[in-house]
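Participant:
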Ligand SMILES: O=c1[nH]cc([C@@H]2O[C@H](COP(=O)(O)OP(=O)(O)OP(=O)(O)O)[C@@H](O)[C@H]2O)c(=O)[nH]1
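Residue numbers (our numbering): 6 to 632.
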C-alpha cells in the first residue's frame, strides 16, 4: 500500500499530535508522519449519557482534545499549527463505556467484565485544520471513528491479577494493551488492530486522501470509494508534486489525456530513500515491495552523514548561504577558504542529506538548515552540532574501549574523569565555558516548549530551575505562564555568563539567576522545582544527595523532571540508548524507574508525559505530611 503520498501531503505543514499516548505517536511516526507532540489538557469529562451512541462520545472528546491544543498554541504559544490531530479510544461492553482504569480495583472490574465476551473498541479521531485570520484562530474539523470487535478468553482470577500487577492496564482504555501482555487475553480481533492500540491508521489515511485528493472528474483510474489511492492515482489527482526524493532516478512520463506518471525504470526511490520495486500483480495493480536492506545501509552511512553535517556547520556554510542566497560551489569554496573539489563534494553530500537544495543557480539552504543550522536563527542548533563534533564524536570513536572497560572514555578524550567534567572541563576557560553554555542553550531552547507545556503548571508561581544554565527553559515558562517567577540556580561560573543569552524583546523581569552548587548549597524556596536533563548525568550517590535535599521541600510542592524516558524494555528510544553508550556515572531510566526513584524521596502522583520529541516530562508532588 502506498501510504507515503497521503502522509506526504502533510510534510510541509506544521502538524501537531494532541496526544500524550506513546502508542499514537509510534503509529504515526512509523507511518512516516512528521509531527510535534503537544499533549492536550482537555479533561475527559463529557457527560456520556448525553450522546446517542458511544462513538459520538469518543469523536467529541477527540475533537475537544485537538481544539484545546489548537487554541492553546494559537493564544499562549503564539504559534498557529496547520493541522492538529486528536484521538480518543474507548471500550464499550453492554452499552457501557470503559476508559482508562483509575486504580487496580477499577482495572479488575473492567477486565472481569470483558472476560469471555466480545466487546467493541472505538477510536474517535479529529483532524483540525487551523489558520489565523486577523489574529483569530479559524478551524475546520474533520472527524471520524473506527470500530473494532475484540473477544476475550475466559480469564482466571490468577491471570487477571497477574496482569493487573504487571502495571500494563493503567493507562489503557478498557484496562488492557492488546499490543503487549494484553494480547494474551484476546481470542480474536475483527477489524483494524491499530484502532484498538489507539489510532486507526488505515481510516486516517483514507480521510487524508478524501481531504487532499478529492476524486477529479475525468481520470482514467477510478478511486474506489473508501480506499487509499495508489501512487499512480495520487499523482493523477494531485497538484503534480513528485513524491520521490530523487526525481532523476524516476523518469516521469505523462500519458496523453490521463496525466498518469509512470516510472519507466521500474524502480522508484520513495521519500525515505528506499527503493521500491514495482511488480504487476494479476489484476494489473502495481504493488511496491521494499527489497533492499535500506536500514542497514543507513546505519552504515550514519557516521558519514554526521560528519558532513559537522564539517559544513564548522565551515559556517549554512550561515553563508542564508546571508548570500544561492551560490556556486566555487564561490562557497572561496568564501570558506577550502578547495573547490572538496567543497563541491561536501555541498552535494549536504544536498543528498536534505540540508541544502541545488538548482541551476547553485546551492541554497533547505528549510531545515535555515531553521536549525544557521548560527543566529531563533531555534539554532548550531552550537549543539559543534558540541557533538568536538565533544561527543571523540567519545564515540573510543566506543570499543568503552564497551570493553565499561567506562566512558572521558579520561582518553579529555583527560578528565566524569565527576570532574562539569567544573573542570566545561568551564575551564572562558572560551570552553561559552561553547559549552551555547551548546546547552541551543538544545534547551528547542526542547523548552515541550517541557514547559507538557503539564498545566499555572498553579505554580515560584519556580526554581536547578541547573537551568542560561535560562532558556525559564524564559519559556514565564512566556507561557505570565504569573510565574523563575529562579535559575546554577554554578557561579555559569551565572556570571548568562547575560549574552537573554532573549531580546521579551519580558525578562520574572527570571532571576542565583548561583550555587545544588549538591552542596541551600536551594532557593519554591513551589515547583525543575530538574531538566540533570538526573541522567549523575551517579546514584549524587542523585541521592540532590533528591534528599529536595525531599525536605514543603509538602504539596512539585518536582518537574525532563529526561528522555526509556520504555520498559530499555531499548527505546534509540537516541537515549545510544547516549548511554558513553556513560559511566549516570544512566537513562525507564518510566517505572523514574517513578520508583522519585517515590523513594517522598514524591507521589508521578505523572509521565512522553512527548515523542527529545525530552519527556515527569511531574510529581511532595507528599503531604500525614500528621
Ligand atoms: O489495546 C490497547 N488499548 C488502548 C491503548 C491505549 O489506551 C489509551 C486510551 O486513552 P485515551 O484515548 O484517553 O488517550 P491517552 O493515552 O489519555 O492520551 P491523550 O493525550 O490522547 O488523551 C491510549 O493511549 C491507547 O494507546 C493501548 O495502548 N492498547
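The beta carbon of each residue, even a glycine, is placed where N, CA and C say it ideally should be.
From which residue to which residue does the beta strand (DSSP E) around residue 93 run?
Facilitator: In the chain shown, the residue the question calls residue 93 occupies position 88. Here the beta strand (DSSP E) through residue 93 covers 88-98.
Participant: DSSP puts residue 490 in a beta bridge; with which residues?
Facilitator: Here residue 490 corresponds to residue number 485 of the chain shown, with the count starting at 1. Residue 490 pairs with 467.
Participant: Report the partner residues of residue 144 according to the DSSP bridge assignment.
Facilitator: Stepping through the chain shown from its first residue, residue 144 is reached at position 139. BP columns for residue 144 point to 135.
Participant: Return helix, strand or coil for residue 291, following the three-state DSSP convention.
Facilitator: For the purposes of this step, residue 291 is taken as the residue at position 286 of the chain shown. Residue placement at residue 291 cannot be trusted, given a pLDDT of 44 that sits under 50; the coordinates are not used to answer.
Participant: Going by the CB atoms, is the gap between residue 394 and residue 439 shorter than 9 Å?
Facilitator: In the chain shown, residue 439 corresponds to position 434, counting from 1. In the chain shown, residue 394 corresponds to position 389, counting from 1. Not in contact: residue 439 and residue 394 (Cβ atoms no closer than 9 Å).
Participant: Hey, how far is the Cα of residue 616 from the Cα of residue 335?
Facilitator: The residue given as residue 616 occupies position 611 in the chain shown. The residue given as residue 335 occupies position 330 in the chain shown. Looking at the two C-alpha atoms, the distance is approximately 43 Å.
Participant: For the candidate residues 607, 622 and 608, whose alpha-carbon lies nearest to that of residue 633?
Facilitator: The structure shown does not extend to residue 633, since the chain is modelled only from 6 to 632, so the question has no answer here.
Participant: Following a CB-centred definition, is residue 68 positioned closer than 8 Å to any heavy atom of ligand 1?
Facilitator: Here residue 68 is taken as the residue at index 63 of the chain shown, counted from 1. Every heavy atom of ligand 1 is 8 Å or more from the Cβ of residue 68, so no.
Participant: Hey, could you find the ends of the beta strand (DSSP E) residue 364 is sitting in?
Facilitator: Taking the chain shown and counting its residues from 1, the one referred to as residue 364 is at position 359. Its beta strand (DSSP E) spans residues 361-364.
Participant: Using 8 Å as the threshold, is the region 518-529 in touch with the region 465-480, meaning 3 or more CB pairs across them?
Facilitator: Taking 8 Å as the limit for Cβ pairs, the verdict is that the region 465-480 does touch the region 518-529.
Participant: Might you give, ordered along the chain, the residues of its own chain that have their beta carbon closer than 6 Å to the beta carbon of residue 463, omitting 5 neighbours on each side?
Facilitator: One-based indexing of the chain shown puts residue 463 at position 458. Taken in chain order, the residues that qualify are 486.
Participant: Taking only the alpha-carbon atoms, compute the straight-line gap between residue 199 and residue 619 and give it to the nearest angstrom.
Facilitator: One-based indexing of the chain shown puts residue 199 at position 194. One-based indexing of the chain shown puts residue 619 at position 614. Residue 199 and residue 619: Cα-Cα distance of roughly 25 Å.
Participant: For a minimum of 3 consecutive residues, which ranges assigned as the beta strand (DSSP E) are wholly contained in the region 139-196?
Facilitator: Here the runs fully enclosed are 141-157 and 191-195.
Participant: Judging by CA-CA distance, which residue of 484, 512 and 518 is the nearest neighbour of residue 2?
Facilitator: The structure shown does not extend to residue 2, since the chain is modelled only from 6 to 632, so the question has no answer here.
Participant: How would you call residue 292, buried or exposed, if buried means at least 16 neighbouring beta carbons within 10 angstroms?
Facilitator: Within the chain shown, numbered from 1, the residue matching residue 292 stands at position 287. At residue 292, the pLDDT of 43 sits below 50, so the modelled position is not reliable; the number obtained from the coordinates is stated separately. Exposed, because fewer than 16 other Cβ atoms sit within 10 Å of the Cβ of residue 292.
Participant: Closest to residue 633 by C-alpha separation, out of 537, 510 and 372, would be which residue?
Facilitator: Nothing in the structure corresponds to residue 633, since the chain is present only between 6 and 632.
Participant: So what does DSSP say about residue 279, is it helix, strand or coil?
Facilitator: Counting from 1 along the chain shown, the entry for residue 279 is found at position 274. The predicted position of residue 279 is uncertain, since its pLDDT is 36 and thus under 50; no value can be drawn from it.
Participant: Which residues in the same chain have their Cβ closer than 7 Å to the Cβ of residue 109, if we skip the five residues on either side of it in sequence?
Facilitator: Indexing the chain shown from 1 puts residue 109 at position 104. Correct list, in chain order: 169.
Participant: If I follow the unbroken alpha helix (DSSP H) through residue 299, where does it start and stop?
Facilitator: By one-based count along the chain shown, residue 299 stands at place 294. Per DSSP, residue 299 belongs to the alpha helix (DSSP H) from 299-319.
Participant: Could you pull out every residue in the same chain whose Cβ sits closer than 8 Å to the Cβ of residue 148, ignoring the five residues on either side in sequence?
Facilitator: By one-based count along the chain shown, residue 148 stands at place 143. 64, 67, 68, 129, 130, 131 and 132, listed in sequence order.
Participant: Is residue 305 buried or exposed, if buried means 16 or more other CB atoms sit within 10 Å of its CB?
Facilitator: On the chain shown, position 300 is the one that residue 305 refers to. Looking at its Cβ environment, which holds fewer than 16 other Cβ atoms inside 10 Å, residue 305 is exposed.
Participant: Whole angstroms are fine: how far does the CA of residue 72 sit from the CA of residue 290?
Facilitator: Taking the chain shown and counting its residues from 1, one reaches residue 290 at position 285. Taking the chain shown and counting its residues from 1, one reaches residue 72 at position 67. With a pLDDT of 41 at residue 290, under the threshold of 50, the modelled position of this residue cannot be trusted; read the value that follows with caution. Going by the C-alpha atoms only, they are around 39 Å apart.
Participant: For the alpha helix (DSSP H) that residue 348 lies in, which residues bound it at each end?
Facilitator: To locate residue 348, count along the chain shown from 1; it is residue 343. Start and end: 345-357.
Participant: Contact between the region 9-25 and the region 97-116: three or more CB pairs below 8 Å?
Facilitator: Segments in contact, no.
Participant: Could you tell me which of 53, 549, 602 and 195 sits nearest to residue 155, measuring between CA atoms?
Facilitator: Here residue 155 refers to the residue found at position 150 of the chain shown. Residue 155 has its Cα closest to that of 195, out of 53, 549, 602 and 195.
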